[in-house]
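There are 2 protein chains.
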Amino acid sequence: MALLSVELKINEKLYKTNPQRTDLGRKILQYSILLIDELGLERFNFKRLAERIGSTEASIYRYFENKHLLLLYLVNWYWEWMRFRIEIKLIDMEVPAERLKAVISCIVDTAKRNTTIAFIDEDVLHRIVVAEGTKAYHNKLVDAQNREGFFVSYKALCEKVAKVIQENNPDFPYPRSLASNLLEMANNHIYFAEHLPRLTEVEAKEDTLEQVEELLCYFAWRLVQPGQPPSGASAKSNGNVNVHQNNGLQHS
Amino acid sequence: MALLSVELKINEKLYKTNPQRTDLGRKILQYSILLIDELGLERFNFKRLAERIGSTEASIYRYFENKHLLLLYLVNWYWEWMRFRIEIKLIDMEVPAERLKAVISCIVDTAKRNTTIAFIDEDVLHRIVVAEGTKAYHNKLVDAQNREGFFVSYKALCEKVAKVIQENNPDFPYPRSLASNLLEMANNHIYFAEHLPRLTEVEAKEDTLEQVEELLCYFAWRLVQPGQPPSGASAKSNGNVNVHQNNGLQHS
DNA sequence: ATACTATAATAGCTTTACTATCACAAACGC
DNA sequence: GCGTTTGTGATAGTAAAGCTATTATAGTAT
Numbered sequence: 312m313a314l315l316s317v318e319l320k321i322n323e324k325l326y327k328t329n330p331q332r333t334d335l336g337r338k339i340l341q342y343s344i345l346l347i348d349e350l351g352l353e354r355f356n357f358k359r360l361a362e363r364i365g366s367t368e369a370s371i372y373r374y375f376e377n378k379h380l381l382l383l384y385l386v387n388w389y390w391e392w393m394r395f396r397i398e399i400k401l402i403d404m405e406v407p408a409e410r411l412k413a414v415i416s417c418i419v420d421t422a423k424r425n426t427t428i429a430f431i432d433e434d435v436l437h438r439i440v441v442a443e444g445t446k447a448y449h450n451k452l453v454d455a456q457n458r459e460g461f462f463v464s465y466k467a468l469c470e471k472v473a474k475v476i477q478e479n480n481p482d483f484p485y486p487r488s489l490a491s492n493l494l495e496m497a498n499n500h501i502y503f504a505e506h507l508p509r510l511t512e513v514e515a516k517e518d519t520l521e522q523v524e525e526l527l528c529y530f531a532w533r534l535v536q537p538g539q540p541p542s543g544a545s546a547k548s549n550g551n552v553n554v555h556q557n558n559g560l561q562h563s
Numbered sequence: 312m313a314l315l316s317v318e319l320k321i322n323e324k325l326y327k328t329n330p331q332r333t334d335l336g337r338k339i340l341q342y343s344i345l346l347i348d349e350l351g352l353e354r355f356n357f358k359r360l361a362e363r364i365g366s367t368e369a370s371i372y373r374y375f376e377n378k379h380l381l382l383l384y385l386v387n388w389y390w391e392w393m394r395f396r397i398e399i400k401l402i403d404m405e406v407p408a409e410r411l412k413a414v415i416s417c418i419v420d421t422a423k424r425n426t427t428i429a430f431i432d433e434d435v436l437h438r439i440v441v442a443e444g445t446k447a448y449h450n451k452l453v454d455a456q457n458r459e460g461f462f463v464s465y466k467a468l469c470e471k472v473a474k475v476i477q478e479n480n481p482d483f484p485y486p487r488s489l490a491s492n493l494l495e496m497a498n499n500h501i502y503f504a505e506h507l508p509r510l511t512e513v514e515a516k517e518d519t520l521e522q523v524e525e526l527l528c529y530f531a532w533r534l535v536q537p538g539q540p541p542s543g544a545s546a547k548s549n550g551n552v553n554v555h556q557n558n559g560l561q562h563s
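These protein sequences, in sequence, are chains A and B. For what it's worth, the numbering used here labels the leading residue of the first sequence as 312, then goes sequentially. For what it's worth, the numbering used here labels the leading residue of the second sequence as 312, then goes sequentially.
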């Protein structure tokens with residue numbers, strides 16, 4: 312795929328000036344990705360970004376109100392990009408199982424550098440999404456931001472995945488839940504493998520992404536498979552466990 | 312269960328002075344929970360907390376180095392508490408399926424107020440863990456903090472859950488991944504149901520927690536069930552999708 | 001030639017995060 | 001009892017982060 316000039320549509324309320332349209336704007340996107348990856352979101356700020364770019368704090372504030380909206384912009388870009396890649400990959404695929412497999416492959420390897428949107432380093436952006444992505448919606452402003460439409464891309468992406476899940480089994484009761492879970496799991500297990508390896512079987516090696524892909528496939532197939540209604544699922548819960556017993560855990 | 316005086320063991324490096332041992336310390340725990348819930352982690356700070364308690368910023372800094380370590384302390388307390396509740400509930404339960412069901416029930420309803428550790432409001436703490444929990448390990452210091460043992464409680468919890476999973480199917484290839492996923496899913500879907508409902512089938516009603524419990528049970532049973540090796544899972548991926556096609560998505 | 005746009009340069013203000021110092025009272029060691 | 005440690009409050013101050021305002025200027029569009 313040769314140098315492709317894509318401008319993904321991002322919610323206009325996320326920025327004050329469209330950063331994809333000017334030199335400085337594109338530099339902001341490009342270098343904010345590198346700097347957030349380097350410093351982490353908390354130490355990252357517009358002053359440092361300005362220094363790195365060779366511009367000024369005030370100039371950057373003309374594009375984004377604050378660093379959280381900039382993060383949200385980047386994450387939205389990522390979601391839109393993944394959705395775009397999924398749509399393209401699914402064209403002319405008809406076997407539901409293959410389509411689901413293809414979706415999972417996109418979810419995981421949107422990481423792998425495979426296009427050239429000049430100013431976005433997708434590998435690094437992926438690392439940011441893995442490490443900081445959840446902060447995009449874990450804050451007190453979610454509801455207000457949701458009303459502004461800042462999460463439509465994520466919801467659309469989730470819905471797309473959910474639909475492919477339903478193609479595989481129209482009776483599956485949790486298509487959206489599984490969809491969002493696959494999206495979250497992908498990020499979590501990449502992060503765990505690297506930083507908290509005891510939380511996952513995925514190992515941090517060259518083939519981490521392939522392992523995650525296998526993990527997601529395994530989960531998805533097992534869950535989506537028609538048959539076995541959740542009969543065993545109603546094992547009677549024992550509400551009368553004796554909670555007064557001392558089992559040796561520390562307490563004083 | 313009558314007024315039970317439990318002191319959960321929390322990693323000593325998380326605090327400068329043990330907050331469970333003094334009046335001010337317990338007030339810090341009690342009111343930080345309320346304030347973080349009220350303001351969110353970003354707006355929360357030690358100055359406001361001091362005002363609320365009727366103490367001073369400097370005094371609070373004598374207990375915790377900064378608000379992130381305080382959060383980590385609270386989250387650790389939650390993890391320890393959940394593990395304690397699981398251990399107790401599992402005593403005298405022997406049927407693997409019932410044990411797994413019991414574990415899931417603990418994962419979800421550690422929320423429900425059911426004990427009286429005087430100064431910890433578990434309902435509110437649960438909301439914090441749901442809303443801010445992932446921030447405990449999503450930062451540039453994870454690796455250093457992990458070396459200090461700040462996540463042993465979470466890893467132990469995960470391992471406990473993984474063991475119960477393995478009791479149900481010793482051949483299940485992803486016990487830890489499923490365990491951490493169940494823990495994360497519980498929080499995510501409670502959060503989604505309330506703030507981003509299109510990402511889940513769980514609805515925000517009085518019985519949200521029961522719905523989440525059902526969801527987790529459904530996932531767990533389906534996955535843990537012996538049999539069907541992931542045969543269909545290897546549906547050959549189509550690496551040669553024609554990515555040049557224009558499918559109508561916006562680009563310029 | 002004029003008006004508009006994007007940016008740089010500079011300054012300043014408020015809040016957050018954190019440290020330091022001193023003083024005082026209760027509890028504790030002997 | 002006296003001295004010491006421990007917990008707290010009071011006050012002050014510094015550095016960084018977060019954000020706004022003002023002015024000047026170069027390039028572009030009309």
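Backbone N, C-alpha and C fix where the C-beta goes; we use that ideal spot for every residue, glycine too. Here the structure is a predicted model, which is why all the values come from computation and not from measurement.
Item                                                                                                                                                                 : Value
Beta-carbon within less than 7 Å of residue 553(A)'s beta-carbon, same chain only, minus the 5 sequence neighbours each way: which residues are those?               : Only weak support is given to the placement of residue 553(A): the predicted model assigns it a pLDDT of 34, under 50, and the question is left unresolved by the model.
Do the CB positions of residue 492(B) and residue 407(B) come within less than 8 Å of each other?                                                                    : no
Between which two residues does the alpha helix (DSSP H) harbouring residue 503(A) extend?                                                                           : 486-506
Is the stretch 455-462 of chain A touching the stretch 511-523 of chain B, taking contact as three or more C-beta pairs under 8 Å?                                   : no
Is the stretch 373-383 of chain A touching the stretch 391-399 of chain A in the sense that three or more CB pairs, one from each, lie closer than 8 Å?              : no
Less than 8 Å separating the beta-carbons of residue 390(B) and residue 326(B)?                                                                                      : no
Can you tell me which of the three DSSP states residue 573(A) falls into?                                                                                            : Because chain A spans 312 through 563 in this model, residue 573(A) falls outside it and cannot be assessed.
Please list the partners that residue 643(A) has in chain B, where partner means a Cβ-to-Cβ separation under 9 Å.                                                    : No statement about residue 643(A) is possible, as the shown extent of chain A runs from 312 to 563 and does not include it.
Taking the alpha-carbon of residue 353(B) as reference, which of 446(A), 368(A), 333(A), 441(A) has the nearest alpha-carbon?                                        : 446(A)
Determine the extent of the alpha helix (DSSP H) in which residue 404(A) is found, giving its start and end residues.                                                : Counting along the chain, residue 404(A) falls outside any alpha helix (DSSP H), and DSSP gives it neither H nor E.
Using the Cα positions of residue 372(B) and residue 507(A), report the straight-line distance between them to the nearest angstrom.                                 : 29 Å
Can you tell me which of the three DSSP states residue 519(A) falls into?                                                                                            : helix
Would you identify the three-state DSSP class for residue 328(B), choosing helix, strand or coil?                                                                    : coil
Within 8 Å of any Cβ in chain A, is that where the Cβ of residue 445(B) sits?                                                                                        : yes
Would residue 484(B) count as contacting chain A if we go by Cβ distances under 8 Å?                                                                                 : yes
Quick one, which of 500(B), 534(B), 469(B) has its alpha-carbon nearest residue 510(A)'s?                                                                            : 469(B)
Distance cutoff 8 Å, beta carbons only. Does residue 449(B) sit that close to anything in chain A?                                                                   : yes
Since residue 393(A) meets chain B, which of its residues come closer than 7 Å, beta carbon to beta carbon?                                                          : Under the 7 Å cutoff, chain B gives no residues; its nearest Cβ is about 12 Å from residue 393(A).
Using a Cβ-Cβ cutoff of less than 8 Å, which residues in the same chain neighbour residue 359(A) once the five nearest sequence positions on both sides are dropped? : 346, 350
What residues from chain B crowd round residue 417(A), counting only those whose CB sits closer than 9 Å?                                                            : Within chain B, no residue comes near residue 417(A); the closest Cβ sits about 10 Å away, beyond 9 Å.
Taking only the alpha-carbon atoms, compute the straight-line gap between residue 534(B) and residue 455(A) and give it to the nearest angstrom.                     : 37 Å
Using a cut-off of 8 Å between C-beta atoms, extract the partners of residue 353(A) located in chain B.                                                              : 450, 451
Just tell me which of 337(B), 387(B), 384(B) has its CA closest to the CA of residue 370(B).                                                                         : 337(B)
Answer with buried or exposed for residue 444(B), where buried requires no fewer than 16 other C-beta atoms within 10 angstroms of its C-beta.                       : buried
In chain order, what residues of the same chain lie with their CB nearer than 7 Å to the CB of residue 522(B), ignoring the 5 residues before and after it?          : 513, 514
To the nearest angstrom, report how far apart residue 384(B) and residue 321(B) are at their CA atoms.                                                               : 7 Å
So for residue 449(A), helix, strand or coil by DSSP?                                                                                                                : coil
How would you call residue 412(A), buried or exposed, if buried means at least 16 neighbouring beta carbons within 10 angstroms?                                     : buried
For the candidate residues 324(A), 536(A), 519(A), 499(A), whose alpha-carbon lies nearest to that of residue 485(A)?                                                : 536(A)
Quick one: is residue 481(A) buried, meaning 16 or more other Cβ sit within 10 Å of its Cβ, or exposed?                                                              : exposed
Between which residues of its own chain and residue 438(B) is the CB-CB distance below 7 Å, once the five residues before and five after are set aside?              : 348
Using the Cα positions of residue 490(A) and residue 415(B), report the straight-line distance between them to the nearest angstrom.                                 : 21 Å
Could you give the DSSP three-state label for residue 366(B): helix, strand or coil?                                                                                 : coil
How many Å lie between residue 344(B) and residue 452(A) at the Cα?                                                                                                  : 19 Å
Are residue 520(B) and residue 496(B) touching if we call contact CB-CB under 8 Å?                                                                                   : no
Would DSSP call residue 336(A) helix, strand or coil?                                                                                                                : helix
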